[in-house]
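Here the sequence shown is numbered in my numbering, starting from 8 and rising by one per residue.
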Amino acid sequence: MTAKGVNKKFFEFIKEFYYNQLGYKAEASLNRFTKNNYNVTFSISKYPGSISVRPEFIIENKEIKQIITEIFSLREASLTYMRTQGMFMAFECGVFDDKITYSPYNSLMPDDTNPNILSTGNYRYMIEEDTDLTPILEDHKYFMENVTIPLFDKMSTLEGIDSFLNDRILEGDMDFFMAENRQLILKKLNQKREILSGLIAAKLVNNPNFDTLLIRIRTIWEGNNYILDAVDKLIQYFDNK
Numbered sequence: 008m009t010a011k012g013v014n015k016k017f018f019e020f021i022k023e024f025y026y027n028q029l030g031y032k033a034e035a036s037l038n039r040f041t042k043n044n045y046n047v048t049f050s051i052s053k054y055p056g057s058i059s060v061r062p063e064f065i066i067e068n069k070e071i072k073q074i075i076t077e078i079f080s081l082r083e084a085s086l087t088y089m090r091t092q093g094m095f096m097a098f099e100c101g102v103f104d105d106k107i108t109y110s111p112y113n114s115l116m117p118d119d120t121n122p123n124i125l126s127t128g129n130y131r132y133m134i135e136e137d138t139d140l141t142p143i144l145e146d147h148k149y150f151m152e153n154v155t156i157p158l159f160d161k162m163s164t165l166e167g168i169d170s171f172l173n174d175r176i177l178e179g180d181m182d183f184f185m186a187e188n189r190q191l192i193l194k195k196l197n198q199k200r201e202i203l204s205g206l207i208a209a210k211l212v213n214n215p216n217f218d219t220l221l222i223r224i225r226t227i228w229e230g231n232n233y234i235l236d237a238v239d240k241l242i243q244y245f246d247n248k
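In C-alpha cells:
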C-alpha cells in the first residue's frame, strides 16, 4: 500500500470518532475535522509505504480574526490559537498526566530536573499498512477528552479566550512575575499569536486589568521589536476607534 493509501485508511478509521461521535465535519482532502470555531488537523508526513501523523488543534475566533485582518493581513489573522498534541499543550492546560507524558507515541520524555516540562516534545503516530490503529485512536481520544475538548469549550467565547491567554500573564505579584523561570515560561506560552489574540479578547470584553496586562506584555518582550511593533499597531487601532 502506498503512503496515500495508508493516509486514506487512517483518516477513514479516525473519522468514526470525529464525525459519528463528536459531530465534526470531515474534510478528507485536508486531513481535517471542523466544528464551530475550532478544528483538528492531522499533519501528515509521507514516506514509502508509511506516514507520520501529528495532530494539530486550532481555534479561529471570527471577531479576533476580523480585527487582525484590518490591522495586518488575512494571512496573519488565520489562527487565534494553535497547538500540537503533546506534553507542552497538556502543561499549558494544567494537565499533568503520566498517561500523556509517558505515552508510547511520545518519543521525548520530560527532564526530571525541569518540572515545568517546557519542551514541545516529539509526539507523533507512525503508521504503516498493517499498523493496528485502535491503540492510536485510543491514545488520541484520551488526549482529546482530557486536554483538547475542555480547552475548546473554554475558548469558545471571548471571555474564555481572555481568561486562558491573559490570566497566566496577570497571575501573582511583580516578584512572582519577574522571576527568571516565570519569565521563561511566559515567553514560551505567549508568542505573537497568543499576545495579539489575548489583547484583542481583553479589549473586547473590557478586561479591567487591560493596562496592567499591557505593561506586563511589554516587560516580557522588552527589546523584541517583532512582537512589540505589532502590539503598538494594535493599541493604535483601538485608540483610533
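Heads up, the beta-carbon is just placed ideally off N, CA and C, and yes, glycines get one too.
key: Rounded distance between the beta-carbons of F24 and K148, thought under 8 angstroms   = 6 angstroms
P62 (DSSP reduced to helix, strand or coil) = strand
query = Which same chain residues, not among the five before or five after R223, have their C-beta less than 6 angstroms away from its C-beta?
reply = I176
query = Ordered along the chain, which non-local residues of its own chain (more than five positions away) have a Cβ less than 8 angstroms from that of S85?
reply = E67 and K72
request  = Could you check the C-alpha separation between L235 and E135 for me, to the nearest Å?
outcome  = 45 angstroms
request  = Quick one: using the 10 Å Cβ neighbour count with 16 as the cut-off for buried, is I58 buried or exposed?
outcome  = buried
query = According to the neighbour-count rule (16 or more other Cβ atoms, all chains shown, within 10 Å of its Cβ), is Q28 buried or exposed?
reply = exposed
request  = Assuming M89 contacts I65 (C-beta within less than 8 angstroms), just tell me the rounded distance between them.
outcome  = 5 angstroms
inquiry  = Just to confirm my understanding: we take I207, look at its own chain, exclude 5 residues before and 5 after, and list those with CB closer than 8 angstroms. What are they?
reply    = E70, I71, I74, I75 and L241
A130 vs T91 beta-carbon contact at 9 angstroms = Per the sequence shown, residue 130 should be read as Tyr rather than Ala. Contact: yes.
ask   = With 16 other CB atoms within 10 Å as the buried threshold, where does A209 fall?
value = buried
ask   = If we ignore side chains and look at the alpha-carbon of each, how far apart do F95 and N247 end up?
value = 37 angstroms
request  = Assign N14 to buried or exposed, taking buried as 16 or more other Cβ atoms, counted over all protein chains shown, within 10 Å of its Cβ.
outcome  = buried
query = Secondary structure at M185, three-state DSSP: helix, strand or coil?
reply = helix
ask   = According to the Cβ coordinates, are L203 and V154 closer than 9 angstroms?
value = no
inquiry  = In this structure, how does DSSP classify F49 when only helix, strand and coil are distinguished?
reply    = strand
inquiry  = For C100, tell me which candidate among P157, S80 and T138 has the shortest Cα-Cα distance.
reply    = P157
message = Would the segment 140-147 count as touching the segment 184-200 if we require 3 or more Cβ pairs under 8 angstroms?
response = no
key: First and last residue of the uninterrupted beta strand (DSSP E) at E135   = Y132 to E135
ask   = If you drop the 5 nearest sequence neighbours on each side, which residues of the same chain put their C-beta closer than 7 angstroms to that of F171?
value = K161 and M162
From Y45, F217 and M185, residue whose alpha carbon lies closest to that of T164 = Y45
message = Which of the three DSSP states is assigned to D119 in this structure?
response = The predicted model places D119 with a pLDDT of 49, which falls under 50 and marks its position as unreliable; any figure quoted below should be read in that light. If DSSP states are grouped into helix, strand and coil, D119 belongs with coil.
message = Taking DSSP's pairing of strands, which residues face F40 in a bridge?
response = A33 and V47
query = Which runs of the alpha helix (DSSP H) fall wholly inside the segment 154-229 and span at least 4 residues, in chain order?
reply = 156-161, 165-177, 181-185, 187-196, 199-211 and 217-227
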